[in-house]
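Engineer:
Residue numbers (the numbering used here), protein chains in the order written: chain E, 996 to 1113; chain X, 919 to 1215.
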């Protein structure tokens, strides 16, 4: 495959960066882990959607750890973004489920009150 | 990397591939087909931005937009790469996040509104219950006032009866005997001699009798006419019966219930004084009103 000469340098640089020029994403890992924990504490695993995204977040987090120990910090960083996004969504879904349940509860209560009056 | 693709296309010098190359170069040297992850992310963003999330959580929708833009930029920089796919994945999640937050806020608003409605309903119910209670209290007060009025009326009636009896005692003798209370009225006060039509002066005595006995409707009243022993017995029986009847008619006509008042002529048969003296005979010429408890059946 013929590569234009003018573009060989950036290719080399990129190749070099992929092989360990990026530091391990320790802060990003800590943030992602905290996000997963927070989602668990809110009870994401009790909601079907929340449980799904929580387990995805955990998978991605574990994959990121493996990538870091393999030295692929750049890819690990990207995977951690996915883990964070999934954990955040899991927490939001847990909150949504709770808010819906409370709204339904309020409706049921008012119904009960109406029935009791008659 | 995008260079790889253009160079491989360059091998095929057909018009179609040349135009593809051109399009590829113009598009920033990526393949024209975005990965599924990016298509999904774009579709989800469109859906969410077109919905209520834009009004409810515009900031979160904006964050989703930025995330999608980053994924699009990555796609134009590096085409169908892992970086593009991962950034598209994150963009998809950001759009879903905005929707979840919007739905949460909607549910909370709904819950708050329902609670406000319930409160309002409870307050209304409470107000109505208070109104009803107040009405019933007024009703009770009215009934109590009525009862008090009736009690007062009864007390006054009894007072009048007592006064009447006291007045009566001035013009009649009142005794308690085993047959009941006996009011004895002199014949001379009630009737002209030998007649059974009441004297006008008799009315005041009999009015007192009516007042005194009105407040005791449970008792039986027997009016007995008595004469002295002078004259024929049949005449005296007849006169005493007629006189007793006259008194009865007056009492019933002035308010005593007919069913409790009876009249009977006794004639000379039960004297209370010595018929041998003028005073004794005068005392024997009398009407007795006997007020007794109801007969036990």
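Idealized CB from N, CA, C, for every residue including glycine.
At a Cβ threshold of 7 Å, is residue 948 (chain X) touching chain E?
Structural biologist: Here residue 948 (chain X) scores only 49 on pLDDT, less than 50, and its place in the model is too uncertain to base an answer on.
Engineer: Since residue 1051 (chain E) is in the alpha helix (DSSP H), which residue starts that stretch and which ends it?
Structural biologist: Segment 1043 to 1065, the alpha helix (DSSP H) holding residue 1051 (chain E).
Engineer: Could you list which residues in chain X have their beta carbon closer than 7 Å to that of residue 1077 (chain E), in chain order?
Structural biologist: Chain X residues near residue 1077 (chain E): 1004, 1007, 1008.
Engineer: Could you have a look at residue 1190 (chain X) and say whether DSSP puts it in helix, strand or coil?
Structural biologist: Correct three-state label for residue 1190 (chain X): coil.
Engineer: State the Cα-Cα distance for the pair residue 1165 (chain X) and residue 1054 (chain X), rounded to the nearest angstrom.
Structural biologist: Approximately 50 Å between the Cα atoms of the pair.
Engineer: Give a yes or no on contact between the segment 1094 to 1113 of chain X and the segment 1200 to 1207 of chain X, applying the rule of three or more CB pairs nearer than 8 Å.
Structural biologist: As far as the Cβ criterion goes, the segment 1094 to 1113 of chain X touches the segment 1200 to 1207 of chain X, which means the pair count is three or higher.
Engineer: Taking Cβ positions only, does residue 1091 (chain E) come closer than 7 Å to chain X?
Structural biologist: Taking Cβ atoms only, chain X reaches closer than 7 Å to residue 1091 (chain E), which makes this a yes.
Engineer: Comparing the C-beta of residue 1060 (chain E) with each C-beta of chain X, is any distance below 7 Å?
Structural biologist: No, residue 1060 (chain E) does not count as interfacial toward chain X.
Engineer: If residue 1209 (chain X) and residue 1108 (chain X) are in contact, beta carbons under 8 Å, what's the gap, nearest whole angstrom?
Structural biologist: Not a contact, Cβ separation roughly 17 Å.
Engineer: Quick check on residue 1068 (chain E): buried or exposed, where buried means 16 or more other Cβ atoms within 10 Å of its Cβ?
Structural biologist: The residue in question, residue 1068 (chain E), is buried, as its Cβ has 16 or more Cβ neighbours within 10 Å.
Engineer: Using only the alpha-carbon positions, how far apart do residue 1067 (chain X) and residue 1041 (chain X) sit?
Structural biologist: Between residue 1067 (chain X) and residue 1041 (chain X), the C-alpha separation is close to 38 Å.
Engineer: From what residue to what residue does the alpha helix (DSSP H) around residue 1134 (chain X) run?
Structural biologist: Per DSSP, residue 1134 (chain X) belongs to no alpha helix (DSSP H) and is neither H nor E.
Engineer: Quick one: Cα of residue 1025 (chain X) to Cα of residue 1006 (chain X), how far?
Structural biologist: Residue 1025 (chain X) and residue 1006 (chain X): Cα-Cα distance of roughly 29 Å.
Engineer: Go to residue 1094 (chain X), then tell me how far its beta strand (DSSP E) extends in each direction, as first and last residue.
Structural biologist: Taken as a continuous stretch (DSSP letters only), the beta strand (DSSP E) holding residue 1094 (chain X) covers 1091 to 1095.
Engineer: Is residue 1123 (chain X) helix, strand or coil by DSSP?
Structural biologist: Residue 1123 (chain X) falls in the helix class under three-state DSSP.
Engineer: Do the segment 1006 to 1019 of chain X and the segment 1077 to 1094 of chain E make contact, defined as three or more Cβ pairs closer than 8 Å?
Structural biologist: At 8 Å Cβ cutoff, the stretches touch.
Engineer: Look up residue 1210 (chain X) in the DSSP assignment and give the residues it is bridged to.
Structural biologist: According to DSSP, residue 1210 (chain X) bridges with X:1138.
Engineer: Please state the DSSP three-state secondary structure of residue 1217 (chain X).
Structural biologist: With chain X running from 919 to 1215 in the structure shown, residue 1217 (chain X) is simply not present.
Engineer: Any C-beta of chain E within less than 7 Å: which residues of the segment 1006 to 1033 of chain X qualify?
Structural biologist: Those would be 1007, 1008, 1011, 1012, 1014, 1015, 1018, 1019, 1021, 1022, 1025, 1026, 1028, 1029, 1032, 1033, in chain order.
Engineer: Span of the alpha helix (DSSP H) holding residue 1092 (chain E)?
Structural biologist: Looking at the DSSP string, the run of the alpha helix (DSSP H) that includes residue 1092 (chain E) is 1068 to 1112.
Engineer: When the Cα atoms are used, what is the spatial distance from residue 959 (chain X) to residue 998 (chain X)?
Structural biologist: Roughly 14 Å separates the two Cα atoms.
Engineer: What residues of chain X sit near residue 1081 (chain E), judged by a beta carbon separation below 7 Å?
Structural biologist: Within chain X, the residues near residue 1081 (chain E) are 1011.
Engineer: What are the boundary residues of the alpha helix (DSSP H) that includes residue 1163 (chain X)?
Structural biologist: It spans 1151 to 1171 - the alpha helix (DSSP H) in which residue 1163 (chain X) sits, taken as one unbroken run.
Engineer: Might you give, ordered along the chain, the residues of its own chain that have their beta carbon closer than 8 Å to the beta carbon of residue 1137 (chain X), omitting 5 neighbours on each side?
Structural biologist: Excluding positions up to five away in sequence, the list reads 1098, 1131, 1178, 1209, 1210, 1211, 1212.
Engineer: What does residue 971 (chain X) touch in chain E if you count any residue whose Cβ is under 8 Å from its own?
Structural biologist: Correct list: empty, because the minimum Cβ distance to chain E is about 12 Å.
Engineer: Using 8 Å for Cβ pairs, my map puts residue 1085 (chain X) next to residue 1126 (chain X). What's the rounded Cβ distance?
Structural biologist: That belief holds up - the Cβ atoms of residue 1085 (chain X) and residue 1126 (chain X) are roughly 5 Å apart, short of 8 Å.
Engineer: At a threshold of 6 Å, does residue 976 (chain X) count as lining the ligand FAD (C-beta to nearest heavy atom)?
Structural biologist: Ligands in the displayed structure: none, and consequently the ligand FAD is not present.
Engineer: Grab the span of the beta strand (DSSP E) containing residue 1100 (chain X) for me, first residue to last.
Structural biologist: Where residue 1100 (chain X) is concerned, the enclosing beta strand (DSSP E) stretches over 1098 to 1104.
Engineer: Is it buried or exposed for residue 1140 (chain X), if we count other Cβ within 10 angstroms and need 16 for buried?
Structural biologist: When all chains shown are included, residue 1140 (chain X) counts as buried.
Engineer: Mapping the DSSP letters down to three states, classify residue 1004 (chain E) as helix, strand or coil.
Structural biologist: Residue placement at residue 1004 (chain E) cannot be trusted, given a pLDDT of 48 that sits under 50; the coordinates are not used to answer.
Engineer: Let me know if residue 1190 (chain X) comes out buried or exposed under the rule of 16 or more other beta-carbons within 10 Å of its beta-carbon.
Structural biologist: With fewer than 16 Cβ atoms within 10 Å of its Cβ, residue 1190 (chain X) is classed as exposed.
Engineer: Could you list the residues in the segment 1035 to 1061 of chain X with a C-beta less than 9 Å from some C-beta on chain E, going in chain order?
Structural biologist: The segment 1035 to 1061 of chain X vs chain E, Cβ under 9 Å: 1035, 1036, 1039, 1040, 1043.
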